[in-house]
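Report on one structure; see the data block that follows.
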Amino acid sequence: MDVLNKLLSGIADALHDVLRFFYGFAHDYTLAIVLLTLVVKLALHPLTRTQLRSMKGMQVIAPHMEALRRKYKDDPKALNQEMMALYRAHNLNPMMGCLPMLVQMPVFIALWRLLYTKGLFGTAAVFGVPWMRLDQAPNLGQVLSAVAAGRPEQLLLLLFPVLVGATMYFQQRMTITDPSQARMFVFMPIMMGYFATIYPIGVSIYMIVSTLAYIMEYFLVVGSPPPMSASPPKSQAAAAASSGGGGRAPAPMPQGKKGAKRA
Numbered sequence: 001m002d003v004l005n006k007l008l009s010g011i012a013d014a015l016h017d018v019l020r021f022f023y024g025f026a027h028d029y030t031l032a033i034v035l036l037t038l039v040v041k042l043a044l045h046p047l048t049r050t051q052l053r054s055m056k057g058m059q060v061i062a063p064h065m066e067a068l069r070r071k072y073k074d075d076p077k078a079l080n081q082e083m084m085a086l087y088r089a090h091n092l093n094p095m096m097g098c099l100p101m102l103v104q105m106p107v108f109i110a111l112w113r114l115l116y117t118k119g120l121f122g123t124a125a126v127f128g129v130p131w132m133r134l135d136q137a138p139n140l141g142q143v144l145s146a147v148a149a150g151r152p153e154q155l156l157l158l159l160f161p162v163l164v165g166a167t168m169y170f171q172q173r174m175t176i177t178d179p180s181q182a183r184m185f186v187f188m189p190i191m192m193g194y195f196a197t198i199y200p201i202g203v204s205i206y207m208i209v210s211t212l213a214y215i216m217e218y219f220l221v222v223g224s225p226p227p228m229s230a231s232p233p234k235s236q237a238a239a240a241a242s243s244g245g246g247g248r249a250p251a252p253m254p255q256g257k258k259g260a261k262r263a
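Numbered continuously in UniProt numbering, the sequence shown closes out at residue 263.
Below you can see the structure in the form of structure tokens.
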């Protein structure tokens, strides 16, 4: 744990220097946070690109994987062999979808800790709005009390938790094609939106900008999100099942015409 803390502290110190640099010419901590987040995302883009390409490949073979799971549901060993053959046929490594994320995590945790530091921003306002501070948490109870006391503008503070939850929901929706999984992942955006009423607005700005940057990366690398369907197309599932029995992985699916029907 000491090694991890030292690593995170070292990364946080470096990010703090970059944040101060941006503040030096922007003279606005909100803009400095936005610029810092974008620079971090840009520096980590090669890893994100690798992760997204792996994700795209897994989405392509998803119908084949589902067909194999149904066919070999009572034979885990055969299922594993067929899955490995499928990965090899498509030149995919499932770990490549996780490894870049694991490498990025220390950077994002360090950035989170930096922005969560009390006293870092002093009384800095959000884009110059005097009653909206970066170190302020948009607590729901306090906001409603302020509105009841005749300060309706305080409702705007709740915009940050809403944006945190909304952007995270859209990000997760892009990567999920199974409706049952999509319903399950609704919980995470709601939870993060709630947490955004507890931590400082500066952290919410980082979360929103980081998520929007990821969405842009997704469209650049992967393209439009795949359509959500309750089950894989029958033609694809049948092809996967039939080729799984012969010990060969199915041929790669066309990238641009996933739902094309055979004559």
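All C-beta atoms, glycine included, are put in the ideal place defined by N, C-alpha and C.
Two segments are said to touch when three or more pairs of C-beta atoms, one from each, lie closer than 8 Å; by this definition the stretch 106-122 does not touch the stretch 211-219. Counting along the chain, the unbroken alpha helix (DSSP H) around arginine 69 starts and ends at 45-71. Counting of Cβ neighbours within 10 angstroms places isoleucine 190 among the exposed residues, the total staying below 16. Leu44 is the residue among Leu44, Asn80, Asp75, Ala14 whose C-alpha sits nearest the C-alpha of leucine 102.
When the five nearest sequence neighbours on each side are left out, the beta carbons in the same chain lying within less than 6 Å of the beta carbon of alanine 146 are those of Gln154, in order along the chain. Annotation: glutamate 82 to leucine 68 spans about 7 Å, alpha carbon to alpha carbon.
Taken through DSSP and simplified to helix, strand or coil, alanine 125 comes out as strand. DSSP places tyrosine 199 in no alpha helix (DSSP H); its state is neither H nor E. DSSP places arginine 88 within a helical segment (H, G or I) once states are collapsed to three.
In the pairwise beta carbon analysis, the stretch 185-205 is classified as touching the stretch 128-145: at least three pairs are separated by under 8 Å.
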